[in-house]
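What follows is a single structure, written as C-alpha cells, with notes after it.
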Amino acid sequence: MNKQPLSYLDWLESEAIYILREVAGQCANPVLLFSGGKDSLCLLRLAEKAFRPGRFPFPLMHIDTGHNYKEVIDFRDQRAAELGERLIVRSVEDSMKRGTVVLKSEDESRNKHQSVTLLEAIEEFGFDCCIGGARRDEEKARAKERIMSFRDEFGQWDPKNQRPELWNLYNARSHKGENIRAFPISNWTEMDVWQYIERENLGLPSIYYAHQRDIVMRGGSIVPVNVPLVSGELTNPVKPGEEIINMQVRFRTVGDISCTAPVPSDADTVSKIVLETATSTITERGATRLDDQTSDASMEQRKKEGYF
Amino acid sequence: MNAVNTQHNDSLLRFMTCGSVDDGKSTLIGRLLFDTKTILADTLTQISNTSRKRGMEAVDLSLLTDGLQAEREQGITIDVAYRYFSTGTRKYIIADAPGHEQYTRNMVTAASTANLAIILIDARRGVLTQTRRHSYLAHLVGIQHIVVAVNKMDLVNYDQATYDKICADYLAFAKEIGLAQARDIRFIPMSALMGDMLVDRLDNMPWYLGETLLEILETAPAAHTEKDEEFRFPVQFVCRPHASADAELHDFRGFMGRIESGEISVGDTVTVLPNGYQSKVKSIQLGDVQMQTAQTEQSVTLLLEDEIDTSRGDMIVKAGSTIEAVKNIEAFVCWLSETAMSPARTYVIRHTTRESKAKVGSISYKVDVNTLEEQATTDLKMNDIARIHFKLAQPLMVDSYSANRATGAFIIIDDSTNNTVGAGMLI
Numbered sequence: 003m004n005k006q007p008l009s010y011l012d013w014l015e016s017e018a019i020y021i022l023r024e025v026a027g028q029c030a031n032p033v034l035l036f037s038g039g040k041d042s043l044c045l046l047r048l049a050e051k052a053f054r055p056g057r058f059p060f061p062l063m064h065i066d067t068g069h070n071y072k073e074v075i076d077f078r079d080q081r082a083a084e085l086g087e088r089l090i091v092r093s094v095e096d097s098m099k100r101g102t103v104v105l106k107s108e109d110e111s112r113n114k115h116q117s118v119t120l121l122e123a124i125e126e127f128g129f130d131c132c133i134g135g136a137r138r139d140e141e142k143a144r145a146k147e148r149i150m151s152f153r154d155e156f157g158q159w160d161p162k163n164q165r166p167e168l169w170n171l172y173n174a175r176s177h178k179g180e181n182i183r184a185f186p187i188s189n190w191t192e193m194d195v196w197q198y199i200e201r202e203n204l205g206l207p208s209i210y211y212a213h214q215r216d217i218v219m220r221g222g223s224i225v226p227v228n229v230p231l232v233s234g235e236l237t238n239p240v241k242p243g244e245e246i247i248n249m250q251v252r253f254r255t256v257g258d259i260s261c262t263a264p265v266p267s268d269a270d271t272v273s274k275i276v277l278e279t280a281t282s283t284i285t286e287r288g289a290t291r292l293d294d295q296t297s298d299a300s301m302e303q304r305k306k307e308g309y310f
Numbered sequence: 124m125n126a127v128n129t130q131h132n133d134s135l136l137r138f139m140t141c142g143s144v145d146d147g148k149s150t151l152i153g154r155l156l157f158d159t160k161t162i163l164a165d166t167l168t169q170i171s172n173t174s175r176k177r178g179m180e181a182v183d184l185s186l187l188t189d190g191l192q193a194e195r196e197q198g199i200t201i202d203v204a205y206r207y208f209s210t211g212t213r214k215y216i217i218a219d220a221p222g223h224e225q226y227t228r229n230m231v232t233a234a235s236t237a238n239l240a241i242i243l244i245d246a247r248r249g250v251l252t253q254t255r256r257h258s259y260l261a262h263l264v265g266i267q268h269i270v271v272a273v274n275k276m277d278l279v280n281y282d283q284a285t286y287d288k289i290c291a292d293y294l295a296f297a298k299e300i301g302l303a304q305a306r307d308i309r310f311i312p313m314s315a316l317m318g319d320m321l322v323d324r325l326d327n328m329p330w331y332l333g334e335t336l337l338e339i340l341e342t343a344p345a346a347h348t349e350k351d352e353e354f355r356f357p358v359q360f361v362c363r364p365h366a367s368a369d370a371e372l373h374d375f376r377g378f379m380g381r382i383e384s385g386e387i388s389v390g391d392t393v394t395v396l397p398n399g400y401q402s403k404v405k406s407i408q409l410g411d412v413q414m415q416t417a418q419t420e421q422s423v424t425l426l427l428e429d430e431i432d433t434s435r436g437d438m439i440v441k442a443g444s445t446i447e448a449v450k451n452i453e454a455f456v457c458w459l460s461e462t463a464m465s466p467a468r469t470y471v472i473r474h475t476t477r478e479s480k481a482k483v484g485s486i487s488y489k490v491d492v493n494t495l496e497e498q499a500t501t502d503l504k505m506n507d508i509a510r511i512h513f514k515l516a517q518p519l520m521v522d523s524y525s526a527n528r529a530t531g532a533f534i535i536i537d538d539s540t541n542n543t544v545g546a547g548m549l550i
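Each protein sequence line maps, in turn, to chains Z and X. Here the first sequence is numbered in this note's numbering, starting from 3 and rising by one per residue. Here the second sequence is numbered in this note's numbering, starting from 124 and rising by one per residue.
Pasting the structure below:
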C-alpha cells in the first residue's frame with residue numbers, strides 16, 4: 003500500500019472547508035467576521051470553495067474601530083462587492099456614542115473595545131456563531147483554543163469550561179443568547195497563510211507589501227505617523243521631540259492603527275514575503291502587536307472579556 | 124535542516140506526546156521546536172526572562188509549552204494544547220496532553236486525531252503504571268504507531284543495559300495487552316534536556332544505531348495511507364442555489380462533505396443511506412475545479428445522476444458496501460464530564476454529521492486504566508472507560524472503530540447543557 007496523502011496545504015484547506023460546512027449545518031444564524039486582513043481573506047476563499055455555486059449561508063461582518071487603514075477598508079468593501087455577499091459594518095464609534103464604550107483617554111487603543119461592539123452586534127442580529135480567522139500559533143493563550151469555542155451570555159471565554167473536541171466531531175450547539183466562535187484556520191501557521199495566499203493568488207490590501215511610510219521610533223517599536231483615515235483625517239500625530247523617518251516597511255498583521263506596527267522590509271511580492279517569513283526571527287505578534295507586549299497573559303485576559 | 128522551507132507538497136503528521144511533567148515531556152516538545160528552529164528570538168527572550176525570574180540558571184524549554192495563566196501559576200498543564208512545526212519535508216501538529224491519571228479524558232482527546240504517539244519513560248524509573256495507562260489508551264483510541272522514548276539517559280550515564288531492560292519490560296507488557304501484535308512499536312534512548320537522539324544524534328550513545336526521533340517522525344506513514352478503506356461520505360450540507368439568476372443552476376443539487384475514507388470517481392454507482400437509493404456520480408467538484416477522482420480527507424461536492432432526496436446526516440457509500448444502519452450499538456465510552464453519567468437519562472449521540480437520541484441499555488464493565496481489570500459498575504464518572512450498549516431513536520450508519528476511525532467514533536452530548544460529555548468507539 004503506497005497511497006499518496008494530501009499535501010498539507012490541501013489538508014488544511016479541506017479541514018477548513020469542513021469546519022465552515024459544519025457551522026452552516028449546525029448553526030441557525032452564523033456570521034463571518036471579515037476585516038479585510040489576510041487571515042479573513044483566506045476565510046473568504048475557503049467559503050467560496052465550501053459553498054459555491056451557492057451563496058454563503060452567512061453574512062460578513064466587520065467591527066470597525068474607526069482607526070483602520072484606509073487601504074484595508076477600501077479593500078474590504080471591494081472584496082465584499084466582488085463576491086456579491088452582504089457586508090454588515092458595526093463601529094466602535096457608535097458604541098462610544100451610545101456610551102457603552104468609554105475611552106480612558108483620547109489616544110487609548112480602541113482595539114480591546116471591539117469586544118463590546120461585537121457583543122452588541124451579536125445581540126442585535128441574534129447571531130449564534132461567529133466565524134473568525136484566529137490561529138492557534140498566534141499566541142500562547144490560543145494554543146488550547148477549540149475549533150468551536152463556547153462563549154456564555156456575556157461573551158466570556160472560560161478556559162476551564164470548554165467542550166472537549168474529539169476527532170472531527172465538532173459541537174456547535176448553543177442555547178439562546180450563548181454563542182460559538184468557530185475558527186476554521188486554527189491549525190494554520192503564519193507561513194501556511196502566506197503559502198495559501200501565494201497558491202490561490204489572493205489579492206491583499208497594498209499595505210501588506212513593502213512600501214515607503216513615515217514612522218517614528220517609540221518605545222523600541224516602529225510607529226506609523228500621520229496616517230490618513232477613511233474620513234481623510236490624519237491620526238497618530240508626531241509627539242514633540244520625535245523624528246520622522248521615511249522607511250520601507252510592510253505590515254505582517256493589520257488591525258487598529260493604534261496597535262499594529264509595521265516591520266522593515268523590501269518584500270514587495272507574495273513570494274518574497276513567503277521567503278522573509280521563513281527566515282524571520284521574530285514571531286508575528288511579537289513584532290507587530292503593541293497590545294500583546296503588556297504581559298505574558300494579556301491575550302488570555304482579553305479573551306476572557308469576550309475579545310475574539 | 125533547511126531554514127528556508129517553502130515547499131508546498133509536504134505531507135502532514137499529527138502526533139501526541141504522553142507523559143507527565145516529571146518525564147520531561149514539555150522539555151521534549153520544547154527541544155523539538157527549538158532544534159527545528161521553530162522558536163523565534165522574541166519567544167526565546169520571553170521564556171529566558173521567565174526562567175530567570177523563577178531562579179533557574181539555564182533556559183527552561185518546558186516553558187514554551189505551558190499556556191494559560193492559571194496553569195502557569197500552578198506549574199501544571201490541565202488541557203490539550205496544539206503546537207506546530209515544520210521541517211522542510213513535513214508539517215507536524217503536536218497534541219500535547221497532560222499525563223496524570225485524572226486527565227484520561229485529555230489523553231483520549233489528544234489521541235483522537237493522532238496517528239503516532241510518543242510514550243515517555245524516565246530511564247531511572249522504567250515502565251510504570253502510567254506507562255501502562257498511556258499505552259492502553261493509545262491502543263484503545265487506535266493510534267497505529269507507538270514510539271517509546273526512554274528519556275533522561277544522561278541521568279543513567281547513557282547506559283545501554285538500563286535501556287535494553289526497559290525495552291524488554293515494555294515489550295512483555297505490550298504483548299500482554301495485544302499492543303505489540305497490532306501496532307508498530309519503536310524504541311529510542313534519548314535525553315530531551317541535552318538533545319541526544321531528538322534532532323541531533325550527539326556522541327553520548329554510540330551503541331545506539333537506530334533512528335533519531337525526528338527520523339522516525341519524518342518517515343512515519345501519514346493517516347489513511349496504510350490500508351485500503353471503503354468509501355464513506357457523510358453529507359454535511361446540501362447546496363441548492365435554485366433561486367439564483369443563473370438558469371443553469373436551477374436544477375443544481377450538490378451534496379457537500381468530506382470524504383472520510385476511501386475514494387470516489389465519476390461514474391461510480393453509489394447508495395445513499397439510510398434510505399438506500401442508488402445513483403451514479405455525475406460530477407465531483409472542489410471550488411470551481413471538476414475532478415475525475417477524489418480521495419480520503421478531501422472536502423468536495425458530489426453531484427448525482429438522479430434527483431434523490433438527500434439531506435445533512437445521510438451517508439453516501441459505494442453500492443454493495445458492507446456498512447449497516449443500526450439502532451443498537453456497543454462501544455467503549457470515555458466519560459468526559461464532571462457530572463457523572465446517569466443511566467436513566469436520554470443523551471444525544473453525534474456520529475459523523477448525524478445525531479440521534481440514545482438511551483443506555485446496559486454497562487458491561489468499566490476498565491481500570493492502571494491495572495486494565497474489568498469491573499462491574501452501574502454508573503460512569505469523569506475519566507472512566509466502560510463498555511456500554513446504547514439503544515438509538517434514529518439509525519446510524521456505522522463501522523467498527525478498528526475498521527474506520529471516522530465512522531466508528533461518536534460523541535455524547537448532554538442536551539440540557541449542550542456539553543460534550545462522552546466519547547465513544549464502536550466495537
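The beta carbon of each residue, even a glycine, is placed where N, CA and C say it ideally should be. Bear in mind the structure is a predicted one, so any value in this text is a computation, not a measurement.
Just verifying my parser: in three-state terms, what is the DSSP assignment at residue i?
| i | result |
| --- | --- |
| X:GLY198 | Reliability of the predicted coordinates at X:GLY198 is poor, the pLDDT of 48 falling under 50, and the value obtained from them is presented with this limitation in mind. Residue state, collapsed to three classes: coil. |
| X:GLY380 | strand |
| Z:ASN4 | Any answer about Z:ASN4 is weak, because its pLDDT of 49 lies below 50 and its placement is not dependable; what the coordinates show is given next. Z:ASN4 falls in the coil class under three-state DSSP. |
| Z:GLY157 | coil |
| Z:TYR71 | coil |
| X:GLN517 | strand |
| X:GLY545 | strand |
| Z:ASN113 | helix |
| X:ASN553 | Chain X is shown from 124 up to 550; residue 553 of chain X falls before or after that span and cannot be answered. |
| X:ARG309 | strand |
| X:ASN229 | helix |
| X:GLN415 | coil |
| Z:MET98 | helix |
Going by CA-CA distance only, name the one from the options that's closest to residue i.
| i | options | result |
| --- | --- | --- |
| Z:GLY27 | Z:VAL232, Z:SER267 and Z:ALA174 | Z:ALA174 |
| X:VAL423 | X:ARG381, X:GLU461 and X:THR494 | X:ARG381 |
| Z:LEU218 | Z:THR279, Z:PRO266 and Z:LEU8 | With the sequence shown as reference, residue 218 of chain Z is identified as Val, and Leu is not the correct amino acid for it. Ranking the options by Cα distance to Z:VAL218, first place goes to Z:PRO266. |
| Z:VAL195 | Z:LEU277, Z:GLU73, Z:GLU84 and Z:THR102 | Z:LEU277 |
| X:TYR488 | X:ALA481, X:ARG468 and X:ALA454 | X:ALA454 |
| Z:GLY221 | Z:ALA263, Z:ILE75, Z:ASN189 and Z:SER188 | Z:ALA263 |
| X:GLY410 | Z:ALA52, Z:ALA18 and Z:GLU17 | Z:ALA52 |
| Z:ARG252 | Z:SER208, Z:SER107 and Z:PRO7 | Z:SER208 |
Please state if the CB of residue j and the CB of residue i are separated by a distance shorter than 7 Å.
| i | j | result |
| --- | --- | --- |
| Z:CYS29 | Z:ASP130 | yes |
| X:VAL578 | X:ILE431 | In this structure chain X extends from 124 to 550, so residue 578 of chain X is not present and cannot be described. |
| X:PRO312 | X:TYR286 | yes |
| X:ILE152 | X:ASP219 | yes |
| Z:PHE36 | Z:LEU14 | no |
| X:ASP133 | X:ARG213 | yes |
| X:THR335 | X:PHE378 | no |
| X:LEU243 | X:LYS350 | no |
| X:ASN506 | X:THR252 | no |
Can you list the residues of chain X that residue i reaches, using a CB-CB cut of under 8 Å?
| i | result |
| --- | --- |
| Z:ASN189 | TYR205, TYR207 and ILE216 |
Starting from the beta carbon of residue i, find every residue of chain X whose beta carbon is closer than 7 Å, and list them in chain order.
| i | result |
| --- | --- |
| Z:ALA145 | GLY190, ALA204, TYR205 and ARG206 |
| Z:ALA26 | PHE360 |
| Z:GLU167 | THR232 |
| Z:ILE19 | SER422 |
Would you kindly report the start and end of the unbroken alpha helix (DSSP H) that includes residue i?
| i | result |
| --- | --- |
| Z:GLN164 | That residue, Z:GLN164, is in no alpha helix (DSSP H); it is neither H nor E in DSSP. |
Residue i lies in the beta strand (DSSP E); which residues open and close that run?
| i | result |
| --- | --- |
| X:THR469 | 469 to 474 |
| Z:LEU45 | Z:LEU45 -> not in any beta strand (DSSP E); alpha helix (DSSP H) instead, spanning 40 to 53. |
| X:ILE244 | 239 to 245 |
I want to verify the contact list: residues of chain Z whose CB lies under 8 Å from the CB of residue i, in sequence order.
| i | result |
| --- | --- |
| X:ASP133 | SER9 and TYR10 |
| X:SER235 | LEU168 and TRP169 |
Just the chain Z side, please: which residues come within less than 7 Å of residue i by C-beta, in chain order?
| i | result |
| --- | --- |
| X:LEU239 | Those do not exist, as X:LEU239 stays about 14 Å from chain Z at its closest Cβ, beyond 7 Å. |
| X:LEU321 | Chain Z residues near X:LEU321: none, gap ~21 Å exceeds 7 Å. |
What does residue i reach in chain A if we use C-beta pairs closer than 9 Å?
| i | result |
| --- | --- |
| Z:ASP268 | The structure shown contains no chain A; its protein chains are Z and X. |
Residues of chain Z with CB closer than 9 Å to the CB of residue i, please, in chain order.
| i | result |
| --- | --- |
| X:ALA220 | None at all; the shortest Cβ gap to chain Z is about 11 Å. |
Starting from the beta carbon of residue i, find every residue of chain X whose beta carbon is closer than 9 Å, and list them in chain order.
| i | result |
| --- | --- |
| Z:ASN173 | ARG473, ILE534, ILE536, ASN541, ASN542 and THR543 |
| Z:TRP159 | By Cβ distance, chain X contributes nothing, its closest Cβ being about 11 Å from Z:TRP159, past 9 Å. |
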